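Colleague: 1210 is the number of the first residue of the sequence shown in the numbering used here; add one for each residue after it.
Structure below; questions to follow.
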Amino acid sequence: MSPEQKKTANSPKPRTEILQISPYVQGKSQISGQANPIKLSSNESSFGPSPLAIDAYKSLASSLHRYPDGSQLQLRQAIADVHNLDPDKVICGNGSDELLDLIYRAYLSAGDEIILSTNHFVMCALYAQIQGAKIVLAKEANYLTIVDDLLSQVTDKTRMVTLANPNNPTGTYLNIEQIRQIHAGLPSSVLFVIDGAYAEYVITNDFDSGTSLVDSFDNVIVTRTFSKIYGMSSLRIGWAYCPTEIIDILQRIRSPFNTNGPALAMAIEAVKDTKYIDSIKEHTAKWQKRLLEELSAIGITVVPSVTNFYLLEFNQTEGKSAVEAAAFLESDGLIPRLLTIANGDKVLRITVGLDAENEAVINSLTKYMLLF
Ligand SMILES: Cc1ncc(COP(=O)(O)O)c(C=O)c1O
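Next up, the structure:
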């Protein structure tokens, strides 16, 4: 900025809602003095994408001067084939974040109410704030949304409910009966958005991402992403399954080339490589069990997670707090995510990594809890 730049009383003013928003803070990826830290702060996949998707990425290098396929046809078809869905009800976005943003822009106005769970995915609150909507929080018990409390908060101003299922930052999930119960209790004018960013990781039989509800009702949307189990965070691509009328609305406001060519080409291969995804799913489930057992045994409270991350509660006393645990892990070259949850407590959220990365977390936290 030039030092002479003039400020006038009449300088451009943003909408007042925007001034209430704090910019998003990304998970840390560097530790000073550590050349190659292990980043476990953003729920990414340490495995990276399917080799078939990487080949697709490389093969696109010579055609980057062309616009990508704005209709997203091949990817929508590939997603529909793998998940047994209607390709005309799939829309792809620049990460599922963009799709949530588009949905909120289209369906939330200033003064409308949106219900989120107490410990919700932060971007939902941010997009709701941009619209000037009022955020209403449903209570949780053991980090799980209380269905009756959520439904009791519906008023004639409620326009939307969004739940990440499984949820971030808690790693917990509501079963399909609970999801159906929520839907059944909502007026048909309320849009129920189910964010399934971690849906692929869940191995329990009572889970369903909710796409069958989209086929049956006109007020349900499911969002999904290629950023997590598919290992493509940097490519920025996600998708949503929506009723036809909602697809029509979102297509009106989506920018024509919101999904880039390399991301589309990779995602087509990634979604088809179900064998690769199954192996990561198996690895993650195995580690969730072991991390729960080993970290509980050394006195850390581990929130049972069905995702590729786990939330650790520490006792808040000096010497054994989450803040000090984060510093200790960092001194061992491991980067967790230090978070403040809704009740004000500091907790750590740590991504499930490769075998050696998970062993390193267990070793470091064992030293922290037992030796220091
Ligand atoms: C619950 C949840 N939803 C959506 C997203 C957004 O993912 P992306 O925009 O990378 O698809 C994330 C990312 O961390 C998430 O945790």
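For glycine and all other residues, C-beta sits at the position ideal for the given N, C-alpha and C.
Just so we're clear, the structure is a prediction, and the values are computed from it rather than from any experiment.
Do ARG1368 and VAL1399 have their CB atoms nearer than 8 Å?
Modeller: yes
Colleague: Pick out whichever of VAL1511, THR1434, LEU1273 has its Cα sitting closest to the Cα of ILE1477.
Modeller: Of the candidates VAL1511, THR1434, LEU1273, the one whose C-alpha sits nearest the C-alpha of ILE1477 is THR1434.
Colleague: Within 10 Å of its beta-carbon, does PHE1518 have 16 or more other beta-carbons around it, so buried, or fewer, so exposed?
Modeller: buried
Colleague: Secondary structure at VAL1511, three-state DSSP: helix, strand or coil?
Modeller: strand
Colleague: With 16 as the cutoff for other CB atoms within 10 Å, does ALA1474 come out buried or exposed?
Modeller: buried
Colleague: Should the region 1541-1548 be called in touch with the region 1243-1254, which here means at least 3 C-beta pairs below 8 Å?
Modeller: yes
Colleague: Beta carbon of GLY1380: closer than 7 Å to some heavy atom of ligand 1?
Modeller: no
Colleague: Could you spell out the range, first to last residue, of the beta strand (DSSP E) harbouring LYS1343?
Modeller: It spans 1343-1347 - the beta strand (DSSP E) in which LYS1343 sits, taken as one unbroken run.
Colleague: Please classify ILE1230 as buried or exposed, where buried requires at least 16 other C-beta atoms within 10 Å of its C-beta.
Modeller: exposed
Colleague: Reducing DSSP to helix, strand and coil, say where VAL1556 ends up.
Modeller: In this structure, VAL1556 counts as strand in the three-state DSSP scheme.
Colleague: Under 8 Å, Cβ to Cβ, is there at least one residue of chain B near ILE1462?
Modeller: The structure shown contains no chain B; it holds only a single protein chain.
Colleague: Taking Cβ positions, are LEU1372 and SER1326 nearer each other than 8 Å?
Modeller: yes
Colleague: Measure the alpha-carbon distance for SER1259 versus ILE1509 and round it to whole angstroms.
Modeller: 34 Å
Colleague: Would ARG1275 and CYS1301 be called neighbours here (beta carbons separated by less than 8 Å)?
Modeller: no
Colleague: Please report the straight-line C-alpha distance between ALA1350 and ALA1449, rounded to a whole angstrom.
Modeller: 29 Å
Colleague: Would you check if there are 3 or more beta carbon pairs closer than 8 Å linking the region 1289-1305 to the region 1553-1563?
Modeller: no
Colleague: Flag this pair as touching only if the region 1460-1472 and the region 1301-1310 have three or more C-beta atom pairs under 8 Å; answer yes or no.
Modeller: yes
Colleague: Would you grab the beta carbon distance between ASP1457 and THR1432 for me? Rounded to a whole angstrom, and I think it's under 8 Å.
Modeller: At roughly 17 Å, the Cβ-Cβ gap does not stay under 8 Å, so ASP1457 and THR1432 are not in contact.
Colleague: Please state the DSSP three-state secondary structure of THR1483.
Modeller: helix
Colleague: Report the CB separation of LEU1312 from VAL1402 in whole angstroms; it is logged as a contact under 8 Å.
Modeller: Inspection of the sequence shows that residue 1312 is occupied by Ile rather than by Leu. At roughly 6 Å, the Cβ-Cβ gap stays under 8 Å, so ILE1312 and VAL1402 are in contact.
Colleague: Find the nearest neighbour of ARG1314 within the set LYS1298, HIS1329, ALA1334, ASN1328, judged by alpha-carbon distance.
Modeller: ALA1334
Colleague: Report yes if the C-beta of SER1418 is less than 7 Å from at least one heavy atom of ligand 1; otherwise report no.
Modeller: no
Colleague: Measuring only the C-alpha atoms, how far is GLN1243 from ASN1428?
Modeller: 49 Å
Colleague: Would you check whether ligand 1 has a heavy atom nearer than 7 Å to the C-beta of ASN1328?
Modeller: no
Colleague: Closest to GLU1503 by CA distance: which of SER1573, ARG1463, GLN1387 is it?
Modeller: SER1573
Colleague: Could you give the residue range of the alpha helix (DSSP H) that holds THR1187?
Modeller: Since the first residue of the chain shown is 1210 and the last is 1581, residue 1187 is not available in this structure.
Colleague: Could you tell me which residues DSSP puts in a beta bridge with CYS1301?
Modeller: TRP1448
Colleague: In terms of DSSP beta bridges, what is ALA1350 paired with?
Modeller: LEU1353
Colleague: Considering only residues of the same chain and omitting the five flanking positions on each side of LEU1269, which have a CB-CB separation below 7 Å?
Modeller: GLY1470, PRO1471, ALA1474
Colleague: Could you tell me the distance, in whole angstroms, from the CA atom of PRO1232 to the CA atom of GLY1528?
Modeller: 31 Å
Colleague: Which residue or residues does DSSP assign as beta-bridge partners of MET1369?
Modeller: ILE1323, LEU1400
Colleague: According to DSSP, simplified to helix, strand and coil, what is GLN1338?
Modeller: In the three-state DSSP reduction, GLN1338 falls in the helix class (H, G or I).
Colleague: So PHE1416 is in the beta strand (DSSP E); what residue range does that whole segment cover?
Modeller: PHE1416 -> no beta strand (DSSP E), and no H or E assigned at all.
Colleague: Start and end of the alpha helix (DSSP H) containing PHE1537?
Modeller: 1531-1540
Colleague: Thinking C-alpha only, which one of GLU1322, ARG1389, PHE1537, GLN1281 is nearest ALA1342?
Modeller: GLU1322
Colleague: Does the beta-carbon of ARG1445 have 16 or more other beta-carbons within 10 angstroms, so that it is buried, or is it exposed?
Modeller: buried
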